[in-house]
Each structure stands twice: as C-alpha cells, then as structure tokens.
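Read the structure below first, then the notes.
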Amino acid sequence: MSRKPPFQNDPVSPSRRRAALALASLPLLGAPAFSRAAGPATAAVNTTGLAVTDTEVTVGQLHSATGTMAISETGSIQAERLAIEQINAAGGILGRQIRIIQEDGASDWPTFAEKARKLLVSDKVATVFGCWTSASRKAVLPVFEKENGLLYYPTFYEGLEQSKNVFYTGQEATQQILASLNWLHEEKKARTFYLVGSDYIWPRTSNKIARKHIENVLKGEVVGEEYYPLGHTQFGSLINKIKLKKPDVVFADVVGGSNVSFYKQLKAAGVTSDKQKLLTISVTEDELLGIGGENAEGFYSCMKYFQSLDNPNNKKFVAAFKAKYGPNAVIGDVTQAAYLGPWLWKMAVEKAGSFDVDKVVAAAPNQEFKEAPEGYVKVDPNHHLWSRTRVGQIRKDGQFDVVFETKDLIKPDPFPKGYQ
C-alpha cells in the first residue's frame, strides 16, 4: 500500500515531527552500562517462549509516528520510553533490562494489525504499549487475543469493551463523558448540545452515549450531530450550522490533525469562548501544540490529567519529561496514561514473578500505583483504572486551569447499564 512521506501535509509542529521521527528511527533501547544483580533463572520466569533472556526482556511499542494521528501519539511514544528508561536505570524488571522494538502504525488501521502480528509472532515481545484511536485498538484486538499477547492501551475511550489481553490506562465513558455532561448541566446550566466528531468508532459511540445521557438523564436536547473523516480540514459549513443553532454547548470529539483546522476556523468565524461554550473530550496539551492556545482559549476539556496538576508526583514527572525532551515539551492526558503502562506492567510482572502473560494478567487486579502523576490509580479486575475526572479551561499558553475535579476516584464501568 502506498503512503505519503512522513508528515507530508500533517499539521504537526516541526519539533513534534522531529521528535516522532527520531524516536521511530530508534527501534531498540539498549541497557545502561552498569552492573546489575542477577534475576531469577529465565526458565522460571518465561515458560511460553517470549523474548526474554538472562539479561533482557523485549517489549513492543506500536503507535502512529507518521500520518494524521502523529500529533496525538508522539507524546505516548515519548512517555513510554521515559518510563522504560527510568525502570532500566532502577535495575529493570526481575533483573532484566527492557529492550524496545518500535513499530509505526502510520495512522492506518490495517497497518496496526500487521505490525501487532509481527511484534507478537516474529518478535515474541512480552508486552506491547500502543494504539491511540479505538479503530486501531479494534484492529489489533483479534491479534492479541489469538496470540495471547498483552496490550497496554493509553487512550480515553468509549468503553463497551473488556479483554483479558488488554489493560486500559485511560478513562472509559462513565469517567469522562457522563462526568463532563453532568458538570456542564449543573455548573453551566447547559440544556442544548451540538455533537461534533471524527467519523470512526470512538466519536460515534461516545456521542451515542452522550445523546442518551443528555436526553434520558439530563432531559436536555441534541440540536445537531455531525461527523467528518480523519484528516478533514474544512469546517466552514459546520461552523455556520453551529452559529445558526446557537447550542448551549458544542460537545466535540474531533481527533488528530483535524483539530488544528477546526479550532482555527472557529476563531476566524468569531466562535470564541465569550460567545459559545465548547467542551472537548479529545484535545489535550499535545493537540494544543498544533492548534495554538490562542485559538481555543476559554474552551473546556474533560480529562483525568492535566500537566498543570499541582502534586509532588506530577512535579517530578513533568521535570523528568522536560529534561529528556526539552523545556518546551508538553504532556497531555494520554501521554500521562501511556507513562503508566510500563510501570503497571512492571508491578504485575514482579508480583507474578514471571513474564508469562497469563500470570501477569492474574497478578494485576487491585494493584495500586501511588506514584502516578495524576495522583493515584488502582487497577480494577475489569482491567480499567479507578481515577478522578477533571475539567480544565484552556489558557492562551496551551496549558489548562483545572476548574473541576471529582472528590473521589470513579470506579470504571465499561458496560454502563442503559448506555449500550
């Protein structure tokens, strides 16, 4: 299949392009040069033929380093590598250094499936950290289940899925969509909503859930619902419809590079936060690098993590991230959730005393990660994480002011009654 050259016509900042391509050009991460204590015998910790030696364990990274989704996925690549570097520096896992094989899904779902098969069948990696869109996750899921591989998936998503072979480190719908709509209804008195999304499974399913909640629970009204292909750049017609309908809130789940055009065109048309409330469940600090904070200032985003969170864990994480990737690097929700993946895997492996997938899966439920940058997470038996929900207001500098936070952790419920 022919594809355009990396980043051709993609609205990603030059620094992000260089970072993603540099990372993509480094398929292997070697061990730091210092002596380490020997771990358990390989025969004891690897009974299923994974790529584990006496000194190394090989894992896979599978994200889009090129194409329209690179604007969102580069941060995940960076965060996973930072976590792995830190784990290696602290002695690795079961006495073994982590070695990375990176593959580029290239914003193409069949390519994701092909690369997942390579990582699991040919490379025999012990786990994979990867995917971003639900379309890419759905494409690789049959491969992971058939080959009994293990995937740590970092993106907030629509829920309605649970697999023995996947750990979901982002939020599902009840933790993000329902919580944000409740906040809009209670705090902003929103009654009418215009739903706008990219045209694939996550936005469509998310908006289906949103519509049910708006109409059946909040007793509000959906006055419009529109979808556009990934990479779409012309939003003039949509913006005219929004101006005509005058909804209390535009509820947006546009993803990837399309966000750059969407928010710039909103501002150019005079649809700004002083005239129109907008809440997105898909724009983080990563996307704002391309959008420009000045083009979305005052709009809201619902996530579980913002770079501006004021807690000791996050201060250490942000400092380490910037030390590795530069003072201008930013960290979004999915970037932080990606950072959790290697640490949660390490904890499960060490509890299991084995790299075998079945043993790691059995060891994971109810584990707590108290050092998470977002503050604290716990692994539920359904393979999702307990976490808080937050709403941030976009600043001109591309950061967020946190204006709402749930008091308690929200238990994940990927199959909420009445929303399926």
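If you count the sequence shown from 1, you need to add 3 to reach the numbering used here. Heads up, the beta-carbon is just placed ideally off N, CA and C, and yes, glycines get one too.
With contact defined as three or more Cβ pairs closer than 8 Å, the region 80-98 and the region 106-122 are not in contact. In the three-state scheme derived from DSSP, where H, G and I count as helix and E and B as strand, residue 264 is classed as helix.
Pairwise C-beta distances place the region 361-379 out of contact with the region 263-281, as fewer than three of them are shorter than 8 Å. Residue 111 is not a Cβ neighbour of residue 63, given a cutoff of 9 Å. Under the 10 Å beta carbon count, residue 240 is surrounded by fewer than 16 other beta carbons and is classified as exposed.
Your pair residue 193 and residue 256 does not check out as a contact, with CB atoms roughly 16 Å apart and the cut at 8 Å. DSSP places residue 87 in the helix class (H, G or I) of the three-state scheme.
Taking the C-beta atoms as reference points, residue 358 is found nearer than 9 Å to residue 55. Under a 10 Å Cβ-count criterion, residue 184 is classified as buried, with 16 or more other Cβ atoms of the shown protein chains found around its own Cβ. Within the model, the alpha-carbon separation for residue 393 versus residue 172 is close to 16 Å. Here residue 312 is not near residue 356, since their CB atoms are 9 Å or more apart.
In this structure, the alpha-carbon of residue 147 lies about 16 Å from that of residue 344. With a threshold of 16 other beta carbon atoms within 10 Å, residue 383 meets it and is buried. Linking residue 411 to residue 388 through their CA atoms gives a straight-line distance of about 13 Å.
Remark: C-beta atoms of residue 196 and residue 179 do not approach each other more closely than 9 Å. For residue 228, the enclosing beta strand (DSSP E) covers residues 224-231.
Counting only runs of 3 or more residues that sit fully inside the region 72-149, the beta strand (DSSP E) segments are 100-107, 131-133, in chain order. A straight-line Cα-Cα distance of about 8 Å links residue 325 and residue 333. Per DSSP, the beta-bridge partners of residue 387 are 171.
Note that the C-beta distance between residue 157 and residue 337 is below 9 Å. Residue 393 sits in a strand when the DSSP states are folded into three classes.
By the C-beta density criterion, residue 314 is exposed, having fewer than 16 other C-beta atoms within 10 angstroms. Its Cα nearest to that of residue 70, the residue 109 stands out among 84, 82, 109. According to DSSP, residue pairing for residue 306 in a beta bridge involves 393. For residue 159, there is no enclosing alpha helix (DSSP H), as DSSP marks it with neither H nor E.
Its Cα nearest to that of residue 50, the residue 362 stands out among 362, 133, 407. In this structure the region 263-272 touches the region 231-245; the number of beta carbon pairs closer than 8 Å is three or more. Collapsing the DSSP output to three states places residue 278 in coil. Here residue 298 is buried, its C-beta having at least 16 other C-beta atoms within 10 Å. Going by C-alpha positions, residue 150 is about 39 Å away from residue 409. Distance from the CA atom of residue 263 to the CA atom of residue 349, rounded to whole angstroms, is 36 Å. In the three-state scheme derived from DSSP, where H, G and I count as helix and E and B as strand, residue 195 is classed as strand. Boundaries of the beta strand (DSSP E) harbouring residue 66: 59-66, taken from the DSSP string. Judged by DSSP in its simplified three-state form, residue 164 adopts coil rather than helix or strand. In the displayed model, residue 405 falls within a strand according to three-state DSSP.
Inclusion of residue 234 and residue 261 in the CB contact set at 9 Å is warranted, their separation being smaller than that value.
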